[in-house]
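I have placed the structure first, in the form of structure tokens, so that the comments after it can refer back to it.
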Amino acid sequence: MWKFVLPILALVGLLAVNPAHADIMGKPDVADGNTIIIAGEAVRLYGIDAPELAQTCSDAKGKVWACGKESMYALLRFLENHWVTCKEGRRDRSGFRSMVCFAGPYDIGAKMVHDGWALALDQERADYLLQQHNAMTAKRGVWRGGFMKPWEWRRAVRRQR
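According to my numbering, the sequence shown is numbered sequentially starting from 1.
This is the structure we're talking about:
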């Protein structure tokens with residue numbers, strides 16, 4: 001009987017493990033304003049979109065600045081001495097893990113939106129919209145001037161190619 005039960009239990013165990021949903025933790029590297037790398041795996045911060053590295057914005061006086069790089073640097077500064085735990089994973093359309101990540105008790109995505117370095121994807125995390133409204137009102141990060149939403153910027157760049 002064990003000859004049949006053990007293989008079935010092993011199969012059930014394998015099916016129960018879904019790497020896209022497994023929590024991961026570690027010391028992160030920062031790829032851009034909404035992507036970190038933990039143990040060699042890229043993880044997108046779920047529910048937010050940050051300016052692309054090459055993206056520029058303008059301040060209230062129209063002066064152009066590198067908001068994509070500044071977004072990355074803001075995330076780098078925040079995570080500098082933190083270990084990160086990421087939960088609730090799934091794969092996005094590009095195959096990246098998309099997860100809610102925490103530095104201690106702090107939701108990293110919420111922090112990036114609150115500080116104005118990322119936009120809330122309202123279809124993903126409606127709870128980030130209040131953080132975004134506060135950043136916009138206080139003119140923090142990209143909200144201090146004019147900018148193109150990251151998804152619109154990517155679309156415009158693709159059209160130019």
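By construction, the Cβ of each residue, glycine as well, lies at the ideal position given by its N, Cα and C atoms.
(message) Since valine 113 and alanine 135 should fall inside the 8 Å C-beta cutoff, what is the C-beta to C-beta distance between them, to a whole number of angstroms?
(response) 6 Å
Margin query: Looking only at its chain, what residues have a beta carbon closer than 8 Å to the beta carbon of valine 5, apart from the 5 residues adjacent to it on each side?
Written below: In this predicted model, valine 5 has a pLDDT of only 44, less than 50, meaning its place in the structure is not dependable; the value taken from the coordinates is given anyway. Result list for valine 5: empty, nothing under 8 Å.
Would you call the region 79–91 in contact with the region 133–148, where contact means no fewer than 3 C-beta pairs closer than 8 Å?
no
*Of the residues Trp117, Ile48 and Asp107, the one placed nearest aspartate 92, counting alpha carbons only*: Ile48
Worksheet item: Does the region 108–122 come close enough to the region 58–66 that 3 or more CB-CB pairs lie under 8 Å?
Response: no
### Query
Near serine 98, which residues of its chain fall below 6 Å by C-beta distance, leaving aside the five closest residues on each side in sequence?
Arg44, Tyr46, Arg90 and Asp92
In the DSSP output, which residue or residues are listed as bridge partners for glutamate 80? None; glutamate 80 has no bridge partner.
| task | Can you say whether leucine 9 is buried or exposed, counting buried as having 16 or more other CB atoms within 10 angstroms of its CB? | result | Annotation note: pLDDT 42 at leucine 9 (below 50); position unreliable, no value reported.
Worksheet item: Would you report the Cα separation of threonine 85 and serine 71, rounded to the nearest angstrom?
Response: 20 Å
task: Spatial neighbours of alanine 66 within its chain, please: CB distance less than 7 Å, with the 5 preceding and 5 following residues excluded, ordered by chain position.
output: Thr56
- According to the neighbour-count rule (16 or more other Cβ atoms, all chains shown, within 10 Å of its Cβ), is valine 163 buried or exposed? Since the displayed the chain opens at 1 and closes at 161, residue 163 lies outside it and no answer follows.
message = Quick check on the DSSP output: what are the complete beta strand (DSSP E) runs of length 3 or more inside the region 47–125, in order along the chain?
response = 57–59, 84–91 and 97–103
How is arginine 140 classed by DSSP in three states: helix, strand or coil? coil
Suppose the cutoff is 8 Å on Cβ atoms and the five residues either side in sequence are ignored; what does the same chain contact list for isoleucine 37 look like? Pro28, Asp29, Val30, Ala31 and Val43
Next on the checklist: Measuring only the C-alpha atoms, how far is glycine 33 from lysine 87?
Outcome noted: 18 Å
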